[in-house]
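Listed in order, the protein sequences are those of chains H and W.
Sequential numbering of the first sequence, starting at 617, is according to this note's numbering.
Sequential numbering of the second sequence, starting at 168, is according to this note's numbering.
Single-structure report; data block below.
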Amino acid sequence: MQKEVQFAGFGGQGILLSAKLLAYAAMKQGYNVAWIPSYGPEMRGGTAYCTVVISDRLIGSPIIKTPGHLVAMNRPSLEKFAPAVKPGGIILINSSLIPVRSGRDDVTELVFPVNDVAIEAGTVKSANIVALSAFAAKSGLVDLETLRECIKEEFASKSKVIPINMDAFDRGVKIAQQ
Amino acid sequence: MAKVLMKGNEAIGEAAIKAGCLNYFAYPITPQSEVAEYLAKRLPDVNGTFVQGESEVAVGYMIFGAAGCGERVMTTSSSPGISLMSEALSYIAGARCPAVFVNIMRGGPGLGGILPSQGDYFQATKGGGHGDYHLLVMAPEGVQEAVEMTMKAFPLAEKYRGPVMILGDGLIGQMMEPVEFPDNLYAEPLNNDDWATSGMDKRGADKKNIVKSLFLNPKELNDNNLTLKAQYEQMKKEEVMSEAYNTDTDYKGLIVSYGTMSRVCRTAIDTMKEQGLEIGMIRPKTLFPFPEKEIYDAAAKESCKAVISIELSMGQMVEDVERCVRGIKPVEWYGECGGDIPAPETIADVVQSLLN
Chain H
617 MQKEVQFAGF GGQGILLSAK LLAYAAMKQG YNVAWIPSYG PEMRGGTAYC TVVISDRLIG
677 SPIIKTPGHL VAMNRPSLEK FAPAVKPGGI ILINSSLIPV RSGRDDVTEL VFPVNDVAIE
737 AGTVKSANIV ALSAFAAKSG LVDLETLREC IKEEFASKSK VIPINMDAFD RGVKIAQQ
Chain W
168 MAKVLMKGNE AIGEAAIKAG CLNYFAYPIT PQSEVAEYLA KRLPDVNGTF VQGESEVAVG
228 YMIFGAAGCG ERVMTTSSSP GISLMSEALS YIAGARCPAV FVNIMRGGPG LGGILPSQGD
288 YFQATKGGGH GDYHLLVMAP EGVQEAVEMT MKAFPLAEKY RGPVMILGDG LIGQMMEPVE
348 FPDNLYAEPL NNDDWATSGM DKRGADKKNI VKSLFLNPKE LNDNNLTLKA QYEQMKKEEV
408 MSEAYNTDTD YKGLIVSYGT MSRVCRTAID TMKEQGLEIG MIRPKTLFPF PEKEIYDAAA
468 KESCKAVISI ELSMGQMVED VERCVRGIKP VEWYGECGGD IPAPETIADV VQSLLN
C-alpha cells in the first residue's frame with residue numbers, strides 16, 4: 617500500500633504544517649512516511665505545495681508526479697494539480713476561494729468553504745486544520761484520534777490555540793462525514 | 168529513542184551533536200540553511216559553538232583551525248559554497264586534520280539553481296582543491312542514512328586523519344522522514360590528539376606539534392603524499408559500502424545509481440519487475456572509496472547485457488562505472504541536472520529502450 621497526498625495553496629495558508637501533521641500521524645501508526653516540500657523558486661501569490669507519501673513498505677521514489685489525492689486550498693493549485701491526480705482519488709476543494717471544480721469525473725470531490733468553516737471555529741488561520749481533518753475523515757488514511765493528538769503536540773507550546781484548532785478539527789470531520 | 172519526523176538538514180545537525188561534535192562553522196546557502204538555523208538554536212544547549220563566518224572561504228579555515236586543535240568540527244554548505252571551501256579542504260587534507268564537510272548539492276555550474284543535483288561528483292571524489300588528496304565521501308539516500316553517515320563521519324575522519332564528506336542533494340536536505348538516532352555513537356576523538364596543537368599540559372612544553380601542509384623538503388613532501396596514498400589504499404580495503412538491489416535475479420540490465428536518484432531507480436526496478444523485466448542495481452554508499460569489485464561482479468553476471476549509470480549530472484559517475492566494468496559489458500549513462508528529478512516512469516522507459 618502506498619498513498620500520496622498533495623497539499624497545495626498560497627504561502628501562509630499552513631500547507632506545509634497540515635502535510636506535516638498527516639505524515640506525523642501516519643508515522644505514529646507505524647507507516648513509512650516522507651514529507652516533500654516544494655522549495656523551488658515560487659512567485660508571491662503562486663502555489664506552495666507539499667507531498668506526503670504514506671506506505672507500508674520502504675518508500676522508493678520521493679518524486680511523485682501523479683499523487684493519489686489532492687487538498688487544494690486555492691484556485692491556482694486546483695488548476696495546476698487536479699489533472700495529475702490518480703483516478704479514484706479524493707480532491708478537496710476549498711470553495712471559499714475556488715469558484716470552479718476539478719472537471720474530473722473519475723475522482724471524488726469534497727467541496728466546502730474551508731475558510732468560512734474556520735472563521736466559524738474562531739479564526740481563518742485554522743483553515744488548514746479544517747481541511748486536514750476533513751480530508752483525513754473522508755480518506756480514512758490515518759486514525760482521527762492519532763491525528764488529533766499530533767495537532768495537540770504540535771501546538772503544545774501555544775496551548776491557548778488548541779481549543780480553537782480542536783473545534784476546527786471537529787467541524788472538518790463532521791462536514792466530511794455528512 | 169523513538170522515531171521523530173525531521174528534515175534532512177535538521178537531522179544532520181542533530182546527528183553531529185549526537186556524535187560529539189560541538190563546533191560548527193557555516194555560511195548560509197539554499198538548500199542547506201536549516202542546518203545552521205537548527206544548530207544556532209541547539210548548540211548553546213550543549214555548550215557548543217556556532218560561528219557564522221563572513222564567507223565560505225573564512226569558514227573553511229575556521230574548520231582547519233578547530234581541527235588542528237584536535238576538536239570535532241563540522242561545516243555544511245551547498246555546491247558554490249563548497250567550491251569556496253576547496254582551498255581549505257586541500258590544506259586540511261595536506262596537514263592531515265580530521266573534519267566533516269557536508270555538501271547538500273544544488274545545480275551548477277556557477278550559481279546554477281537551488282534544486283537538487285549530483286553535479287559535484289567529480290569535485291567530491293576527484294579533488295576540488297589542488298594536489299594529491301581525496302576525501303572519504305559518503306552519499307546518503309534518505310534522512311535516516313544521512314544521520315547514520317554523519318555520525319560515522321567523525322570517527323572515520325579521525326581514523327584516517329583527514330576530511331570526510333557527506334554528499335547529499337537538496338531533496339535529502341529538504342525532505343522530512345522518520346529518523347531514529349542511535350544513541351550509542353558518542354565517542355571521544357580516537358586519536359588522542361597526539362599530533363594536534365592542543366594538549367601541551369599533557370605532553371610537556373618541549374614537544375611542539377606543528378600542523379602544516381608546507382613541506383619544502385622534497386623528501387618530506389613525498390613522504391607526506393605517500394602517507395596520504397597509504398590511507399586511501401586502506402580506505403579502499405576497509406571502508407567501501409554499497410547496497411545491491413534485485414541482484415539475486417537473472418537481471419538483463421544493471422543500474423548504478425546513488426542518493427536520491429537511486430530511490431527513483433528502485434521504484435522503476437519494482438515497476439519493471441511487475442512487467443516481467445528484471446533489472447539489478449548497485450547503489451554506492453561510499454563514492455570514494457568506490458565499490459569497484461561489487462560493480463564489476465554484478466556487471467559480469469551472464470544475464471546482464473548492459474550497465475547504465477543514472478545520475479543527476481551530465482555523466483560523472485559513469486566514468487568510474489566504466490573503469491570498474493573494464494569493458495566486459497557496454498556502459499551507458501542517463502541523467503538530468505536542471506533540478507527536476509526524473510520520475511520512475513522515465514527511468515523505466517530509458518532502461519527498456521536501452522535494452523531493446
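Glycine is no exception: its CB is placed at the ideal position from the N, C-alpha and C atoms.
Predicted model, so just to flag it, every value in this text is computed and none were measured.
Top-ranked residue by Cα proximity to residue i, from the options
i	options	result
L381 (chain W)	W:N270, W:G215, W:L521, W:R263	W:R263
G340 (chain W)	W:A363, W:A306, W:D361, W:T364	W:A306
A641 (chain H)	H:N781, H:G756, H:A792	H:G756
G738 (chain H)	H:M617, H:S677, H:D722, H:N781	H:N781
V518 (chain W)	W:G261, W:G506, W:K460, W:V431	W:V431
L686 (chain H)	H:S677, H:P692, H:G705, H:I670	H:G705
S222 (chain W)	W:G235, W:A255, W:A207, W:P198	W:A255
T292 (chain W)	W:C471, W:Q219, W:G505, W:K452	W:K452
A169 (chain W)	W:S476, W:P345, W:V310	W:P345
G261 (chain W)	W:L302, W:D287, W:C236, W:Q483	W:L302
N648 (chain H)	H:S677, H:A784, H:Q629	H:S677
L206 (chain W)	W:L172, W:S429, W:D487, W:M241	W:M241
R450 (chain W)	W:D516, W:A473, W:E478, W:P509	W:E478
Alpha-carbon spacing of residue i relative to residue j, whole angstroms
i	j	result
N391 (chain W)	T438 (chain W)	50 angstroms
K644 (chain H)	T762 (chain H)	8 angstroms
R490 (chain W)	Q398 (chain W)	21 angstroms
G494 (chain W)	D672 (chain H)	40 angstroms
R764 (chain H)	K636 (chain H)	13 angstroms
V335 (chain W)	E181 (chain W)	Strictly speaking, residue 335 (chain W) in this sequence is Gly, with Val absent from that position. Straight-line Cα distance between these residues: approximately 16 angstroms.
P458 (chain W)	D299 (chain W)	21 angstroms
E725 (chain H)	I422 (chain W)	40 angstroms
I196 (chain W)	S244 (chain W)	6 angstroms
E142 (chain W)	E312 (chain W)	Only positions 168 to 523 of chain W appear in this structure, which leaves residue 142 (chain W) out of reach.
G366 (chain W)	F231 (chain W)	17 angstroms
D464 (chain W)	F455 (chain W)	18 angstroms
V224 (chain W)	L251 (chain W)	5 angstroms
V668 (chain H)	I652 (chain H)	6 angstroms
K404 (chain W)	I281 (chain W)	36 angstroms
L633 (chain H)	Q285 (chain W)	29 angstroms
I709 (chain H)	I680 (chain H)	20 angstroms
M272 (chain W)	K374 (chain W)	42 angstroms
G248 (chain W)	E410 (chain W)	30 angstroms
C236 (chain W)	Y228 (chain W)	12 angstroms
L749 (chain H)	D786 (chain H)	Reading off the sequence shown, one finds Ser at residue 749 (chain H), where the question assumed Leu. Roughly 7 angstroms separates the two Cα atoms.
E499 (chain W)	L522 (chain W)	11 angstroms
A743 (chain H)	E695 (chain H)	20 angstroms
P692 (chain H)	A186 (chain W)	45 angstroms
Delimiting residues of the alpha helix (DSSP H) encompassing residue i
i	result
I230 (chain W)	223-235
E620 (chain H)	Note, E620 (chain H): premise wrong, no alpha helix (DSSP H); beta strand (DSSP E) at 618-625.
G426 (chain W)	426-441
P511 (chain W)	511-522
F785 (chain H)	778-793
S712 (chain H)	Here S712 (chain H) belongs to no alpha helix (DSSP H), and DSSP marks it neither H nor E.
Environment of residue i [buried if 16+ CB atoms lie within 10 Å]
i	result
K379 (chain W)	exposed
Q442 (chain W)	exposed
H297 (chain W)	exposed
R717 (chain H)	exposed
K776 (chain H)	exposed
R239 (chain W)	buried
V226 (chain W)	buried
S481 (chain W)	The sequence shown places Met at residue 481 (chain W), rather than the Ser named in the question. It is exposed - the Cβ of M481 (chain W) has fewer than 16 other Cβ atoms within 10 Å.
R113 (chain W)	The structure shown has nothing for residue 113 (chain W), since chain W only spans 168 to 523.
V727 (chain H)	exposed
E400 (chain W)	exposed
V746 (chain H)	buried
E469 (chain W)	exposed
E736 (chain H)	exposed
A664 (chain H)	buried
A700 (chain H)	exposed
T434 (chain W)	buried
Enclosing beta strand (DSSP E) for residue i [first to last residue]
i	result
E469 (chain W)	Where E469 (chain W) is concerned, there is no enclosing beta strand (DSSP E), given that its DSSP letter is neither H nor E.
D336 (chain W)	330-336
P653 (chain H)	648-653
L210 (chain W)	From DSSP, L210 (chain W) is part of no beta strand (DSSP E); its letter is neither H nor E.
K174 (chain W)	171-174
I449 (chain W)	446-451
7 angstroms Cβ cutoff, residue i in contact with chain C
i	result
Y647 (chain H)	This model lacks chain C altogether, as its protein chains are H and W.
message: Quick check: the segment 266-285 of chain W against the segment 321-332 of chain W, are at least 3 beta-carbon pairs closer than 8 angstroms?
response: yes
task: Mind the definition here: the segment 311-325 of chain W touches the segment 617-635 of chain H only if three or more C-beta pairs lie below 8 angstroms; say whether that holds.
output: no
query: Is there contact between the segment 276-292 of chain W and the segment 411-422 of chain W, where contact requires at least three CB pairs shorter than 8 angstroms?
result: no
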